[in-house]
Amino acid sequence: MIVTVLGSGANGGVPQWDCCCPNCSRARENPELRRTRSSVAVSLDGGQHVLIDATPDLKFQLEGVGLTPKPEEAEHGRQSRIDTVLITHGHGDHTVGIAEFSTGKSFEIPVHGPPDLMRFLFGSDDQSSFFGDLGRLARDYVVPHDLREGERLDLLDGLRVTGFEIDHTDGMEDGSCFPSSTYGYELEADGRRFVYTPDLGLLTEELLERVEGSDLFILDATFWW
1 MIVTVLGSGA NGGVPQWDCC CPNCSRAREN PELRRTRSSV AVSLDGGQHV
51 LIDATPDLKF QLEGVGLTPK PEEAEHGRQS RIDTVLITHG HGDHTVGIAE
101 FSTGKSFEIP VHGPPDLMRF LFGSDDQSSF FGDLGRLARD YVVPHDLREG
151 ERLDLLDGLR VTGFEIDHTD GMEDGSCFPS STYGYELEAD GRRFVYTPDL
201 GLLTEELLER VEGSDLFILD ATFWW
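When the letters of the sequence shown are read in order and numbered with full-length UniProt numbering, they come out as residues 1 to 225.
Below, the structure written as structure tokens:
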């Protein structure tokens, strides 16, 4: 399993556009300190990848790590190195990059996430949505799929993926979350296990038990101090 960190910044990245704190100021002077919004790509052989979260920086993130079309494999000059997309939750820094898939050729890329997130992003039979209607995105370019908690996906001929709910988005009085519930993802292949939980609000005993024995655990702790 090959895990590529595409970005490790919070919702504004580093530097943030309206900030002149020492961290952002240093990042403006030194490009090596700049950070794009959090996302990872996972592959088994370096060919096709599973993307976790689609950030506003997606195009530059893919270019930066070389996940670009291979001329010898591209049909009519187009190729997607992204096989499948997993979305953790409905905040903009994890979702708006989905619009990148509406350019050029339609690859009908599967997009998986919590059922309430899929309704929020792509609508339903009786509910329209921004992404569902934007440039026919969910009609021609991506294929949304509900992923129930605990349901297993088999991807890339050997990668097993399970989504599980974590604490992050705002809880509502009716028991729902706004704008959606939040998933962490557990990925397994060839005896290796990777757990990814960006935007983690609470490190629970249940989560600690889940990550016990994992080979790699990536979590966000932006507001922990």
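Using N, Cα and C, we set each Cβ at its ideal position, and we do this for glycine too.
- Annotation note: the segment 85-157 contains the following uninterrupted alpha helix (DSSP H) runs of length 4 or greater, listed N- to C-terminal: 92-95, 115-122 and 130-133.
- Membership of R193 in the beta strand (DSSP E) is indicated by the continuous run R192 to T197.
- Taking C-alpha positions only, D18 is separated from R148 by approximately 38 Å.
- The residue from G201, L200, L202 and Y185 with its alpha-carbon nearest to that of F194 is Y185.
- Taking a contact as a CB-CB distance under 8 Å, the pair L6 and S39 counts as one, their CB atoms being some 4 Å apart.
- By the beta-carbon neighbour count (other beta carbons within 10 angstroms, threshold 16), V65 is exposed.
- In the three-state reduction of the DSSP assignment, S25 falls in the helix class.
- Around the C-beta of A221, fewer than 16 other C-beta atoms lie within 10 Å, and the residue is accordingly described as exposed.
- In the displayed model, E63 falls within a helix according to three-state DSSP.
- L208 sits in a helix when the DSSP states are folded into three classes.
- Of the candidates S124, L67, P56 and E100, P56 places its Cα closest to the Cα of D93.
- Only residues of its own chain outside the window of five on either side were considered, and among them L6, G7 and T36 have a CB closer than 6 Å to the CB of Q61, listed in chain order.
- Shown here, E73 sits in coil according to DSSP, grouped into three states, outside any helix or strand.
- Here L203 carries a coil assignment [DSSP, helix/strand/coil].
- Separation of D140 and R28 (C-alpha to C-alpha, rounded to the nearest whole angstrom) is 39 Å.
- For the pair Y196 and E73, the Cα-to-Cα distance works out to about 31 Å.
- Counting only residues of its own chain and dropping the five nearest sequence neighbours on each side, G46 has a CB closer than 7 Å to the CB of I2.
- Spanning the alpha carbons of A99 and P22 requires a straight line of approximately 33 Å.
- D146 is positioned such that its CB atom lies no closer than 8 Å to that of L202.
- L86 is a Cβ neighbour of H112, given a cutoff of 8 Å.
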